[in-house]
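Enquirer: Mind having a look at this structure? Questions to follow.
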Amino acid sequence: MCYLIFMSGSTLLQAQKPSPHPSFRNFGTNEGLPSPEVYCVMQDHQGYMWFGTDNGVSRFNGYTFTNFGPANGLQSNVVFNIVEDSSNRIWFGTMSGELFIFKNDTIVPYTYNPLILNYRNKYSIANLLAVNEQELVTLSLRRLGILQIDKKGETKLYSTKVPLGGMVVLSGGKIWQTSIGRTGDANYWDVSYDHYMRQVFYVEIVKENRTDTLIVKKRSINGSPFNAFSVDSVNQVFLLQAFNNIYLMNKEGVSWNIEFTETINSLQLQPNGQILLSLNGEGGLRSYDKVDDLRLHKYTQLLERIAVSQTFVDDACNFWVATLGSGIFYSKDTEMILWNNYNDDAKSNLVTAIAIKSETEIFFGLNNGLVYLLNLATGQTSPLPHDPLKDQSYVNCLYYNRQADRIYKNGWVLSLNNQWTPMKHKLPDVKSGILLAATCASGDENCIWGSSNRGFYKIDLLKNQTILHSDIELGITDRTFSIYEDKCGRVWVGLQTGIAEFDNGKLVKPIVNHQAFNMRTEAIEETADSTLIFGTKGLGVVFWKEDKIINIMEKEGLTSNMIEDIHVDENGIIWVATLSGLNKITLSAGGKPVIRAITIAQGLPSNEIYQIASVNGQVWLATGGGLVKYHELPPAQTAAPPFFTNLKVNTQHTSFTETHFPYYCYDILILVINLVVPVFEFFT
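Mapping to this note's numbering: the sequence shown position 343 is 358, numbers consecutive.
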């Protein structure tokens, strides 16, 4: 069973910036959509996603969009509704009221379109509501009523007794609605004047055995349009919206009503009871934990300042959001939470460094020098002091000293007077400032090691003073990219020329006949069994213990050979950051690495991963798209069967009937959808 999980809601007035939200991927016209104005989303039995737009329909196979318009037989190309029938034919409902049917890659008009168009001067907009197994077609004709057409062309029109108001039909677990305004009726204008003077709106609720009338008192002359949305089809519970009112209706009548000024475009009820409201204008998307939270105005706000038309959860639990002007938003995992758009001063979403203060407090730094403290308990993100004239413009590294409750940025400490202060040198004559590229705690956590563009440092955190500056004291001037003190107290330094051990005042290169040991070393870590792990710029990741060396690269499944960071979490899982994605490495029973590549395809906001941190197994990522609280979905238990969609040989499309090709046909490309990509197990 698929359902989404969003963070607990808060009222709009109490919302803090930045609002945490799922990581969304946006598809627009640059990615192949025919228009940024999308009205509906549907998934067919093969797994294709379909989108109805104001410029035709689009079919998405997970890689590319295929668009259909007038040239393909879709003569009315503003598509509001897409429905798949029991024969796997796909129906398109258009603004004109005409229906079109897609089957065998061909679009044909519905046979009885002329019957719909007979009413054309009596309705404004049509919506296709349903096509049942007997090919009974149900449409909503705004201002006129509900029209049904059977497979023989027999029609039946349902409308209200009064010529002005709203109509809701509850039938067979379905809810259909439309507004009514039959201007051609003789008494229409008299009824309209009467309703205007009394500021009322009549709604007829048609059930299987009776018709009830609800008189809505208008809170606004104009206000939100008339709509109705099912909440519990079994018990006939639904929401009704009209003229800035929302009513919760049940079998007995009105349960409660509130003022609600935003226009609801669609409502999606999830199996866990959460309600998703798609709002017009700049209302975005709201998630309510339960129905009663609507009455309390308690919700989580998503996609602010965007008009959302519809939401959809596909068979793989992927979340799709159709918008009116911003294309499609897609989330692979709504529990992978993103913080970005911090405030107007930040002007950047690129997070470059992370430091963990506690399970609920996370420091993170940006590429413009700003540092923030995220408090998960309060939901607040607070900027730390920043002087653009004095402070560094890029946060290379952050380190939090728990004993002194101090945060360090690039080796500078945030002092008690709320200013970033450089470390003192133990040699009083040295006046140059310290700028660290990476840090590592000593075994007793009273000191940190820091790499820099000229040698490296050891800093006493109790005195905020250098103990060692390799450049001045030892003549070690090499640029260092990483530094690490292992469990045995040995210090390892990452250089342009590879990894080296700092031993007895010198840098000593290991005597190992492997080219990765001579590559620029960007990150160094260690597993529980004292296996040293280091990441290189060009040759991936190296596992090294005594005489055993394992080198993992792109050909083994790594997202890139250019490593940014390595982190071993509390559960012994190895995480590798690259600018082409995240890598999760676990060790099998025999000690062989098993690699899982994680990219925007798995829900990341960006493939650019700069740093990784964790607390109690919860992984946090510094990415090019913001700060990410990582979440991993469990393996899918079921999946649609994979099938081939395209075959290219020497760049030319070829039919699937071919089974043998000439010797010169060496460039063969097969496109498959619904194919589960495996993790990689590296064998030595």
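Every residue gets a Cβ at the ideal spot worked out from N, C-alpha and C, and that includes glycine.
1) Would you kindly work out how many angstroms separate the C-alpha atoms of K478 and S38, rounded to a whole number?
2) Compute the Euclidean distance between the alpha carbons of A392 and P35, then round it to the nearest angstrom.
3) Comparing alpha-carbon positions, which option in N416, S397 and L381 lies nearest D406?
4) For A145, which of P620, D100 and K118 has the nearest alpha-carbon?
5) What residues in its chain sit with their C-beta under 6 Å from that of Y262, if we drop five residues either side in the sequence?
6) Are the Cβ atoms of P443 and W427 separated by less than 9 Å?
7) Run through DSSP, which three-state label would F241 get?
8) Would DSSP call H210 helix, strand or coil?
9) Give the straight-line distance between the Cα atoms of E623 and V152, rounded to the nearest whole angstrom.
10) So what does DSSP say about L132, is it helix, strand or coil?
11) For E148, which residues of its own chain have a beta-carbon under 7 Å away from its beta-carbon, when the five flanking residues on both sides are left out?
12) If you drop the 5 nearest sequence neighbours on each side, which residues of the same chain put their C-beta closer than 8 Å to that of Y415?
13) Less than 9 Å between the C-beta atoms of G188 and V252, yes or no?
14) In terms of residues, what are the limits of the beta strand (DSSP E) holding E541?
15) Using a Cβ-Cβ cutoff of less than 7 Å, which residues in the same chain neighbour Y678 once the five nearest sequence positions on both sides are dropped?
16) Nearest to Q316 by alpha carbon, out of D329, L309, V306 and S302?
17) Taking the alpha carbon of E571 as the point to measure from, which residue in L554, W204, I463 and Y345 has its own alpha carbon closest?
18) Apart from the five residues on each side of it in sequence, which residues of its chain come closer than 8 Å, Cβ to Cβ, to D475?
19) Where does D544 fall in DSSP's three states?
20) Between M182, R225, T193 and V177, which has its C-alpha nearest V206's C-alpha?
21) Quick one: grab the DSSP three-state call for I321.
22) For A331, which three-state DSSP category applies?
23) Can you tell me whether E488 is helix, strand or coil according to DSSP?
24) Determine the contact status of I615 and I600, defining contact as a CB-CB distance below 9 Å.
25) Report the three-state DSSP secondary structure of F532 (helix, strand or coil).
26) Excluding the five sequence neighbours on either side, which residues of its own chain have a C-beta within less than 8 Å of the C-beta of F115, listed in chain order?
27) Report buried or exposed for E561, applying the criterion of at least 16 other Cβ atoms within 10 angstroms of its Cβ.
28) Determine the closest residue to G700 out of Y211, L431 and D544, with distance taken between C-alpha atoms.
29) Does the separation of the CB atoms of T278 and G299 fall below 9 Å?
30) Would you list, in sequence order, the uninterrupted beta strand (DSSP E) runs of no fewer than 3 residues that lie entirely inside the stretch 586 to 648?
31) From which residue to which residue does the alpha helix (DSSP H) around L391 run?
32) Closest by CA to D247, which one among R157, M568, R234 and N265?
33) E374 to I588, Cα distance in whole Å?
34) Which value, in whole angstroms, describes the spacing of the CA atoms of M351 and S341?
35) Just how far apart, CA to CA, sit S497 and T454?
Expert: In terms of the structure at hand:
1) Stepping through the sequence shown from its first residue, residue 478 is reached at position 463. Stepping through the sequence shown from its first residue, residue 38 is reached at position 23. The C-alpha of K478 lies about 42 Å from the C-alpha of S38.
2) The residue labelled residue 392 in the question sits at position 377 within the sequence shown. The residue labelled residue 35 in the question sits at position 20 within the sequence shown. Near 13 Å, if we compare the C-alpha coordinates of P35 and A392.
3) For the purposes of this step, residue 406 is taken as residue 391 along the sequence shown, with counting starting at 1. Relative to D406, the option among N416, S397 and L381 whose CA is nearest is L381.
4) Numbered from its first residue, the sequence shown carries residue 145 at position 130. Of P620, D100 and K118, the residue nearest in Cα terms is D100.
5) Position 247 of the sequence shown, counting from 1, holds the residue named residue 262. L255, V269 and N272, listed in sequence order.
6) As a first step, residue 443 is located in the sequence shown; it is residue number 428 there, counting from the start. As a first step, residue 427 is located in the sequence shown; it is residue number 412 there, counting from the start. Against a cut-off of 9 Å, the Cβ pair of W427 and P443 comes out as no contact.
7) As a first step, residue 241 is located in the sequence shown; it is residue number 226 there, counting from the start. Here F241 sits in coil by DSSP.
8) Within the sequence shown, residue 210 is the residue found at index 195, counting from 1. DSSP places H210 in helix when its eight states are reduced to three.
9) The residue given as residue 623 occupies position 608 in the sequence shown. The residue given as residue 152 occupies position 137 in the sequence shown. Approximately 49 Å between the Cα atoms of the pair.
10) As a first step, residue 132 must be located in the sequence shown, where it is residue number 117. Of the three classes helix, strand and coil, the one that applies to L132 here is helix, per DSSP.
11) As a first step, residue 148 must be located in the sequence shown, where it is residue number 133. Result list for E148: S101, in chain order.
12) Here residue 415 refers to the residue found at position 400 when the sequence shown is read from its first residue. Taken in chain order, the residues that qualify are A370, I371, K372, F378, R421, I422 and Y423.
13) In the sequence shown, residue 188 corresponds to position 173, counting from 1. In the sequence shown, residue 252 corresponds to position 237, counting from 1. No, the pair does not count as a contact, with Cβ atoms beyond the cut-off.
14) Sequence index remark: in the sequence shown, residue 541 carries index 526 (1-based). Looking at the DSSP string, the run of the beta strand (DSSP E) that includes E541 is T536 to E541.
15) The residue you call residue 678 lines up with position 663 of the sequence shown. Reliability fails at Y678, whose pLDDT of 49 lies under 50, so the model's placement of it is uncertain and the value that follows must be treated cautiously. Here the set comprises nothing.
16) Indexing the sequence shown from 1 puts residue 316 at position 301. When only C-alpha atoms are compared, the closest one is S302.
17) As a working mapping, residue 571 is identified with position 556 in the sequence shown. Proximity to E571 across L554, W204, I463 and Y345 peaks at L554, based on C-alpha coordinates.
18) If you number the sequence shown from 1, residue 475 lands on position 460. Around D475: N461, C462, T481 and I482.
19) As a first step, residue 544 is located in the sequence shown; it is residue number 529 there, counting from the start. Look at D544 here: in three-state DSSP terms it is coil, with no helix or strand label.
20) To locate residue 206, count along the sequence shown from 1; it is residue 191. Measuring from the Cα of V206, the nearest candidate turns out to be V177.
21) If you number the sequence shown from 1, residue 321 lands on position 306. Reduced to three states, the DSSP call for I321 is coil.
22) As a working note, residue 331 is residue 316 in the sequence shown. Three-state DSSP puts A331 in coil, outside helix and strand.
23) As a working note, residue 488 is residue 473 in the sequence shown. If DSSP states are grouped into helix, strand and coil, E488 belongs with the helices.
24) As a working mapping, residue 615 is identified with position 600 in the sequence shown. As a working mapping, residue 600 is identified with position 585 in the sequence shown. Using a Cβ distance threshold of 9 Å, I615 and I600 do not count as a contacting pair.
25) Against the sequence shown, residue 532 aligns to sequence position 517. In the three-state reduction of the DSSP assignment, F532 falls in the helix class, which pools H, G and I.
26) Numbered from 1 along the sequence shown, position 100 holds the residue referred to as residue 115. Beyond the five residues adjoining it in sequence on each side, F115 comes within less than 8 Å, by CB distance, of G88, L89, Q90, S91, W106, F107, T109, I122, V123, P124 and Y125 in the same chain, given in chain order.
27) What you label residue 561 is simply residue 546 of the sequence shown in a count that begins at 1. Exposed.
28) The question about residue 700 has no answer here: the residues shown for the chain are numbered 16 through 699.
29) In the sequence shown, the residue the question calls residue 278 occupies position 263. In the sequence shown, the residue the question calls residue 299 occupies position 284. Their beta carbons are not under 9 Å apart, which means T278 does not touch G299 by this criterion.
30) Runs found: 589 to 593, 596 to 602, 608 to 613, 624 to 630, 633 to 638 and 641 to 644.
31) Residue mapping note: residue 391 aligns to position 376 of the sequence shown, counting from 1. Careful: L391 lies outside any alpha helix (DSSP H) and carries neither H nor E.
32) Taking the sequence shown and counting its residues from 1, one reaches residue 247 at position 232. The residue with the shortest Cα to Cα distance from D247 is N265.
33) Residue 374 sits at position 359 when you count from the first residue of the sequence shown. Residue 588 sits at position 573 when you count from the first residue of the sequence shown. Cα-Cα distance, rounded: 18 Å.
34) What you label residue 351 is simply residue 336 of the sequence shown in a count that begins at 1. What you label residue 341 is simply residue 326 of the sequence shown in a count that begins at 1. Between M351 and S341, the C-alpha separation is close to 22 Å.
35) By one-based count along the sequence shown, residue 497 stands at place 482. By one-based count along the sequence shown, residue 454 stands at place 439. About 7 Å.
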